[in-house]
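What follows is a single structure, written as structure tokens, with notes after it.
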Amino acid sequence: MKELKTLLRIVSMFAVGFMFYQTADAQSRADRDLINQAVRITKDNFSFAGQTPKGARVFAVNQPNASMLNAIDKGLADLFAVAQKNNYRNRLSYPDYTIFIARADRTTNSDKNYSPDIAVGSAQYAGSVYDQGGFVYAAGMVLAYNPCAFVFAEHTKDFQRVSEIVRYEGEHLVLYHNDRQLYKKTADHSQGGGHPILK
Ligand SMILES: [Zn+2]
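With the first letter of the sequence shown counted as 1, position 145 gets the number 147 in this note's numbering; the numbers rise by one all the way through.
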């Protein structure tokens with residue numbers, strides 16, 4: 003009887019150990035998929051992994067400073083507030099979001115204003131006013147819906163713009179998980195319409 007108890011304890015220890023291993027493995031596989039997707043789109047390497055003070059997950063080309071991390075939290079706070087106003091319930095907590103900070107492919111726009119943007123394949127924007135010849139400059143871009151992830155460029159100033167990008171990219175994700183019809187109508191900006199979508 004004593005031996006059986008010992009055996010059971012050993013078995014359950016293994017079971018717990020195995021469960022942890024499974025969870026950690028599944029987690030890292032999801033992260034790997036996400037990182038591969040971000041690398042494919044931006045051609046950047048994301049060597050920094052961390053989180054904002056409120057718990058949003060961050061992968062970045064360089065370690066982001068406090069202003070950057072706080073601007074992300076501010077953008078998510080604004081997003082959650084407007085989502086709650088619309089009675090949405092899903093994906094309204096900081097850890098639901100994984101945010102990639104890529105290298106800026108330009109830092110000024112055609113009007114010579116500070117505008118760190120990423121260059122992404124034009125796809126649905128081909129031939130439109132946004133098309134730069136195979137790519138478009140974007141302030142931000144959704145990477146995945148499960149988990150919620152998007153990417154935007156490094157900023158050294160104008161962190162208000164970061165908060166806006168976070169709120170605006172986040173709108174697509176919140177709509178996807180709370181109002182699929184409005185999501186479909188607003189997902190593709192080449193058909194007209196911009197941000198903010200939610201008021
Ligand atoms: Zn958008």
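Backbone N, C-alpha and C define an ideal beta-carbon position, used for all residues, glycine too.
Predicted, not measured: the structure shown is a model, and the values here were computed from it.
For a test of the three-state rule: what should DSSP assign to residue i, helix, strand or coil?
| i | result |
| --- | --- |
| A58 | coil |
| Q65 | coil |
| I199 | coil |
| S117 | strand |
| Y139 | strand |
| A146 | strand |
| A106 | coil |
| Y90 | coil |
| F82 | helix |
| A189 | coil |
What separation, rounded to the nearest whole angstrom, lies between the Cα atoms of residue i and residue j?
| i | j | result |
| --- | --- | --- |
| T80 | F137 | Before going further, note that residue 80 is Asp rather than Thr in the sequence given. Distance between the alpha carbons of D80 and F137: 30 Å. |
| A155 | N89 | 31 Å |
| N204 | P66 | No answer is possible for residue 204: it lies beyond the span of the chain, which begins at 3 and ends at 201. |
| T188 | L177 | 9 Å |
| Q183 | A85 | 15 Å |
| S95 | K159 | 26 Å |
| I37 | T44 | 10 Å |
| G196 | G52 | 30 Å |
Is residue i near ligand 1 - that is, is its Cβ less than 7 Å away from at least one heavy atom of it?
| i | result |
| --- | --- |
| Y170 | yes |
| H157 | no |
| H197 | yes |
| H174 | yes |
| H191 | yes |
Check the C-beta distance from residue i over to residue j and give it rounded, since I have them as a contact under 8 Å.
| i | j | result |
| --- | --- | --- |
| A62 | L78 | 16 Å between Cβ atoms; not a contact. |
Segment contact, 8 Å Cβ cut-off, at least three pairs: the region 139-152 with the region 110-127: yes
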